[in-house]
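Asker:
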Amino acid sequence: MQRVYGAQNEMSIATQQLSKQLLAYEKQLNSLHTELAKQVADTMIFPMIQFRERDLTEVSTLKDLFLLASNEHDAAMAKYSKLPKRRENEKLKAEAVAEVATARKRQHQSSLQYFCALNALQYRKRVAMLDPLLGFTQGQINFFKMGVEMFSKKLEEFLSSVATMVQSIQGQLDTEAESMRLAQQELLLANESIYIPDNNTTATRPANRNLLQKAGYLNIRNKTGLVSTSWERLYFFTQGGNLMCQPRGAVAGGLIMDLDNCSVMAVDCEDRRYCFQITSPSGKTSIILQAEGKQEYEEWICTINNISRQIYLTDNPEAIAIRLNQTAVEAVTPMSTFQKKHESFRPQRAESECTEAASSEKCLPDAPESVDPLVIPGTPIQFDLCTTSEVSDQNKSVSRRTNPFGESDHDKAATSEDLLLHQVFTVRFLGSIEAITDQNDELIYETMRQVLAARAIHNVFRMTEFQMVVSSRELRFVDPQTQITKASFALSDVTLYATHQDNKRLIGFVARAPDSLSQHKALPNCYIFETNDDGVKICSIIDLGRKINQAERDPEALAVLMKSIKLSADGKFLLLRQRTDKEEAEESLESEA
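When the letters of the sequence shown are read in order and numbered with our numbering, they come out as residues 10 to 602.
1) What beta strand (DSSP E) runs, 3 residues minimum, are completely inside the stretch 439 to 516?
2) Evaluate contact between the stretch 40 to 50 and the stretch 138 to 148, counting only Cβ atoms and requiring at least three cross-stretch pairs below 8 Å.
3) At the level of alpha carbons, what is the spacing between Phe152 and Ser40?
4) Put Lys223 into one of helix, strand or coil per three-state DSSP.
5) Between Phe392 and the rest of its own chain, which residues show a CB-CB distance below 7 Å, the 5 nearest in sequence each way excluded?
6) Kindly indicate which three-state DSSP category Glu539 falls into: helix, strand or coil?
7) Taking the CB atoms as reference points, tell me whether Leu505 and Asp447 lie closer together than 9 Å.
8) Which residue or residues does DSSP assign as beta-bridge partners of Thr288?
9) If we ignore side chains and look at the alpha-carbon of each, how far apart do Thr184 and Arg190 end up?
10) Quick one: what's got a C-beta closer than 8 Å to Arg133's C-beta in the same chain, skipping five residues either side?
11) Along the chain, where does the beta strand (DSSP E) that runs through Leu252 open and close?
12) Please report the straight-line C-alpha distance between Asn231 and Arg464, rounded to a whole angstrom.
13) Have a look at Met477, Asn217, Leu298 and Gly263 and flag the residue whose alpha-carbon is nearest the alpha-carbon of Asp280.
14) From Lys72 to Asn512, what distance separates their C-alpha atoms?
15) How far does the beta strand (DSSP E) with Glu241 in it extend, from its first residue to its last?
16) What is the C-beta distance between Ala129 and Ala186, in whole angstroms, given that I count them as a contact (C-beta under 8 Å)?
17) For Ser272 and Ile551, I'd like the C-alpha separation in whole angstroms.
18) Just confirm the distance between the C-beta atoms of Ala330 and Leu252, as a whole number of angstroms; I'd bet it's less than 8 Å.
19) Can you find the residues in the same chain that come closer than 7 Å, C-beta to C-beta, to Glu399, ignoring five residues on each side of it along the sequence?
20) My understanding is that Thr456 touches Ile466, with C-beta atoms under 8 Å, so please give their C-beta distance in whole angstroms.
21) With DSSP as the reference, identify every bridge partner of Ile229, one or two as the case may be.
22) Using 8 Å as the threshold, is the stretch 198 to 205 in touch with the stretch 95 to 111, meaning 3 or more CB pairs across them?
23) Would you decide whether Asn314 is buried or exposed? Buried here means 16 or more other CB atoms lie within 10 Å of its CB.
24) Just tell me which of Met53, Thr294, Ala261 and His42 has its CA closest to the CA of Tyr244.
25) Which first and last residues belong to the alpha helix (DSSP H) in which Met57 is found?
26) Rounded to whole angstroms, what's the CA-CA distance from Leu430 to Leu532? Just pull it up for me.
27) Taking only three categories from DSSP, how would you classify Val519?
28) Within its chain, find whatever has a CB closer than 6 Å to the CB of Lys88; leave out the 5 residues flanking it on each side and keep chain order.
29) Evaluate Asn80 with the Cβ neighbour count: other Cβ atoms within 10 Å of its Cβ, from every protein chain shown; 16 or more gives buried, anything less gives exposed.
30) Between the alpha carbons of Gly544 and Thr508, how many angstroms are there, rounded?
31) Go ahead and pull the three-state DSSP assignment for Ile265.
32) Taking only three categories from DSSP, how would you classify Lys421?
33) Excluding sequence positions up to five away, which residues of its chain have a Cβ less than 8 Å from the Cβ of Val171?
34) Look at the alpha carbon of Arg317 and the alpha carbon of Ile310, and state the distance between them as a whole number of angstroms.
35) What do you get for Val13, buried or exposed, if any count of 16 or more other CB atoms within 10 angstroms of its CB means buried?
36) Should Arg95 be labelled buried (16 or more other beta-carbon atoms within 10 Å of its own) or exposed?
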């Protein structure tokens with residue numbers, strides 16, 4: 010348009026110079042081109058300059074104000090997130106909350122103004138080019154007024170229709186601007202509590218446990234040195250089975266971690282609340298994140314847990330997630346008979362048995378219950394593994410006191426070098442239940458079901474990590490930080506052990522207390538753990554330890570066992586790592602049995 014305007018000025022100057030030679034046409038041509046140049050300047054150049062300086066400058070200014078308000082909100086949220094979990098200062102907390110609320114309100118107002126200006130710009134840009142072109146065309150028409158008969162009636166109708174369309178768009182803009190103004194006033198008159206973070210008084214909606222996608226801002230802990238760490242607030246979102254992160258200003262997000270088969274659990278941070286940890290299946294990679302409030306904290310953990318089970322790969326993932334969580338809700342209802350427990354694990358077999366019984370008129374609705382339950386209904390579930398002293402007092406299990414250096418008394422008599430078997434695994438304690446019998450694998454399956462269901466219903470996400478030491482004499486659970494033995498069980502008291510039918514990372518064992526620790530026979534306890542290793546391998550090693558423990562009393566049986574299993578150079582039993590070697594070892598054990 011500037012080039013057209015410059016060309017028209019040059020045309021006017023050239024015509025003026027030509028008019029000096031053509032005096033007869035001086036008044037006509039010179040005046041016509043001068044008027045045309047003036048009309049082009051007024052109707053084509055001026056509207057574009059006005060659109061650029063008024064509308065675009067306004068939007069750019071509102072954008073800068075919005076970014077400034079967003080930075081202030083981030084600074085306020087960073088200050089709020091650093092509030093300590095313990096020894097809270099009510100004055101500092103009130104100031105931080107007020108600062109966050111003020112920053113959010115300012116950001117809300119600036120975003121609404123910026124949003125309204127952008128919407129108005131969508132309408133104005135549709136006519137920003139039409140007005141100058143329409144003015145240029147109108148100037149050309151006036152220039153050729155002596156030859157107006159050359160213009161057809163259709164062109165006039167077209168120009169009139171364009172003018173009508175411009176007026177219609179202007180009317181739509183006015184209507185939209187009025188509706189946006191009313192909506193903006195309604196939003197600004199909302200309750201002030203919506204700006205307060207983690208507001209328990211207004212958060213009446215419970216956490217959604219069926220989510221398969223989640224997005225929002227989280228604080229991630231980064232290592233800045235050997236022992237120092239820092240927190241950074243970033244935008245996280247899930248995409249399929251991946252956890253993505255997108256910093257501010259980035260065009261797209263980047264991959265943080267693959268969530269398939271990962272483990273997520275709540276963790277205690279010294280200076281932060283609502284923290285949870287995501288660990289890869291191998292256990293080598295982990296990240297710690299912090300949510301803004303309790304509801305976001307629970308929803309993030311449930312979402313990542315659902316994704317880790319690869320529900321999103323099914324045909325109807327939402328329905329499957331709802332069904333699994335509904336099954337967990339129903340699982341907390343205790344079953345009264347062993348038959349009902351048995352049917353819950355084998356529904357097809359139970360259905361066929363009931364059909365056969367119905368045909369023979371033996372499947373009656375009022376049939377008496379003849380089998381006692383494996384777990385007494387209403388038995389409390391322990392989510393913390395008892396310490397060494399508590400094991401001996403409460404569970405009547407074999408345990409010994411520990412000293413501050415993490416060495417137990419029996420370690421002096423028999424160290425790991427003196428034992429024929431010594432293997433260490435990393436496990437996480439899920440819970441334990443007191444049972445009636447220890448002679449059926451269904452007890453472990455039922456305990457797993459009740460423990461997992463109770464953790465899901467009561468939002469118990471925290472799990473304690475231990476080192477599970479399997480030797481030829483006992484099972485020990487050692488704190489990996491302090492190397493203090495928290496609990497120990499003699500292999501002779503471990504009467505049952507098995508893994509979950511579908512998830513081999515879940516393992517459970519039943520420990521019965523010896524009669525010498527109490528005057529009457531104590532009930533066994535079933536303990537459930539989660540491990541990154543193969544649970545079948547751990548069970549095979551426990552079985553090997555029991556065989557070694559029994560064979561140590563008989564030198565001949567020990568010699569036969571040592572001949573059947575390969576030994577390492579130091580005389581210990583060789584635990585093979587590869588799958589083929591492991592199968593061969595299991596086959597040799599079965600042949601000896």
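Note that CB positions come from ideal geometry on N, CA and C, so glycine has one too.
Owing to the predicted nature of the structure, the values given are computational and were not obtained by experimental measurement.
Answerer: Let me spell this out:
1) Here the runs fully enclosed are 473 to 480, 483 to 487, 494 to 499 and 503 to 508.
2) Judged by Cβ distances under 8 Å, the stretch 40 to 50 makes contact with the stretch 138 to 148, as three or more pairs qualify.
3) Within the sequence shown, numbered from 1, the residue matching residue 152 stands at position 143. Within the sequence shown, numbered from 1, the residue matching residue 40 stands at position 31. As the crow flies, the alpha-carbon of Phe152 is around 10 Å from that of Ser40.
4) Numbered from 1 along the sequence shown, position 214 holds the residue referred to as residue 223. Coil.
5) In the sequence shown, counting from the first residue as 1, residue 392 sits at position 383. Close CB contacts of Phe392 within its chain, under the 7 Å cut and outside five residues either way in sequence, are with Gly440 and Val469 (chain order).
6) For the purposes of this step, residue 539 is identified with residue 530 of the sequence shown, where counting begins at 1. DSSP places Glu539 in strand when its eight states are reduced to three.
7) Residue 505 sits at position 496 when you count from the first residue of the sequence shown. Residue 447 sits at position 438 when you count from the first residue of the sequence shown. Yes. Within cutoff.
8) Numbered from 1 along the sequence shown, position 279 holds the residue referred to as residue 288. When DSSP reads this structure, Thr288 sits in a beta bridge with Ser272 and Ser295.
9) The residue labelled residue 184 in the question sits at position 175 within the sequence shown. The residue labelled residue 190 in the question sits at position 181 within the sequence shown. Computed Cα separation, rounded: 10 Å.
10) In the sequence shown, residue 133 corresponds to position 124, counting from 1. Non-local beta-carbon contacts of Arg133 in its own chain, meaning distances under 8 Å to residues more than five positions away in sequence, involve Phe60, Asp64 and Leu182 in chain order.
11) Walking along the sequence shown from the start, residue 252 turns up at place 243. Here the beta strand (DSSP E) through Leu252 covers Asn251 to Gln255.
12) Position 222 of the sequence shown holds residue 231. Position 455 of the sequence shown holds residue 464. So the two alpha carbons sit approximately 29 Å from each other.
13) By one-based count along the sequence shown, residue 280 stands at place 271. Of the listed residues, the one whose Cα sits closest to Asp280 is Leu298.
14) As a position in the sequence shown, residue 72 is number 63, starting the count at 1. As a position in the sequence shown, residue 512 is number 503, starting the count at 1. So the alpha carbons of these two residues sit roughly 52 Å apart.
15) Residue mapping note: residue 241 aligns to position 232 of the sequence shown, counting from 1. That run of the beta strand (DSSP E) goes Thr238 to Gln248.
16) Start at 1 with the first residue of the sequence shown, and residue 129 comes out as number 120. Start at 1 with the first residue of the sequence shown, and residue 186 comes out as number 177. The C-beta separation of Ala129 from Ala186 comes to about 6 Å, placing the pair in contact by the 8 Å criterion.
17) For the purposes of this step, residue 272 is taken as the residue at position 263 of the sequence shown. For the purposes of this step, residue 551 is taken as the residue at position 542 of the sequence shown. When rounded, the distance between both Cα atoms is 25 Å.
18) Reading the sequence shown from its first residue, position 321 is the one you call residue 330. Reading the sequence shown from its first residue, position 243 is the one you call residue 252. In this structure, Ala330 and Leu252 do not form a Cβ contact; the two beta carbons are roughly 18 Å apart against a cut-off of 8 Å.
19) Position 390 of the sequence shown, counted from the first residue, corresponds to residue 399. Confidence at Glu399 is low in this model, with a pLDDT of 44, below 50, so its placement is unreliable and no value can be given for it.
20) What you label residue 456 is simply residue 447 of the sequence shown in a count that begins at 1. What you label residue 466 is simply residue 457 of the sequence shown in a count that begins at 1. Contact flag wrong, Cβ pair sits at about 16 Å.
21) By 1-based counting over the sequence shown, the position of residue 229 is 220. Ile229 is bridged to Glu241 and Leu298.
22) Two segments are said to touch when three or more pairs of C-beta atoms, one from each, lie closer than 8 Å; by this definition the stretch 198 to 205 touches the stretch 95 to 111.
23) Taking the sequence shown and counting its residues from 1, the one referred to as residue 314 is at position 305. A buried status is given to Asn314, since no fewer than 16 other beta-carbon atoms sit within 10 Å of its beta-carbon.
24) Residue mapping note: residue 244 aligns to position 235 of the sequence shown, counting from 1. Checked all of Met53, Thr294, Ala261 and His42; the closest Cα to Tyr244 is Ala261.
25) Looking up residue 57 in the sequence shown gives position 48. From DSSP, the alpha helix (DSSP H) with Met57 extends over Phe55 to Gln59.
26) The residue labelled residue 430 in the question sits at position 421 within the sequence shown. The residue labelled residue 532 in the question sits at position 523 within the sequence shown. Whole-angstrom Cα-Cα distance: 29 Å.
27) Translated into the one-based positions of the sequence shown, residue 519 becomes position 510. Strand, per DSSP.
28) Taking the first residue of the sequence shown as position 1, residue 88 is located at position 79. Only Ala105 meet the Cβ criterion.
29) Your numbering for residue 80 matches position 71 in the sequence shown. Around the beta-carbon of Asn80, fewer than 16 other beta-carbon atoms lie within 10 Å, marking it exposed.
30) Reading the sequence shown from its first residue, position 535 is the one you call residue 544. Reading the sequence shown from its first residue, position 499 is the one you call residue 508. Separation of Gly544 and Thr508 (C-alpha to C-alpha, rounded to the nearest whole angstrom) is 6 Å.
31) Here residue 265 refers to the residue found at position 256 when the sequence shown is read from its first residue. Three-state result, Ile265: strand.
32) The residue labelled residue 421 in the question sits at position 412 within the sequence shown. Caution applies to Lys421, whose pLDDT of 39 falls short of 50 and renders its modelled position unreliable; the value that the coordinates give is listed next. Of the three classes helix, strand and coil, the one that applies to Lys421 here is helix, per DSSP.
33) Position 162 of the sequence shown, counted from the start, is the residue given in the question as residue 171. Same-chain partners within the cutoff: Leu139 and Leu143.
34) As a working mapping, residue 317 is identified with position 308 in the sequence shown. As a working mapping, residue 310 is identified with position 301 in the sequence shown. In the sequence on display, residue 317 carries Ser and not Arg. Approximately 11 Å, taken between the alpha carbons.
35) Residue 13 sits at position 4 when you count from the first residue of the sequence shown. Its Cβ having fewer than 16 others within 10 Å, Val13 is exposed.
36) Taking the sequence shown and counting its residues from 1, the one referred to as residue 95 is at position 86. Arg95 comes out exposed.
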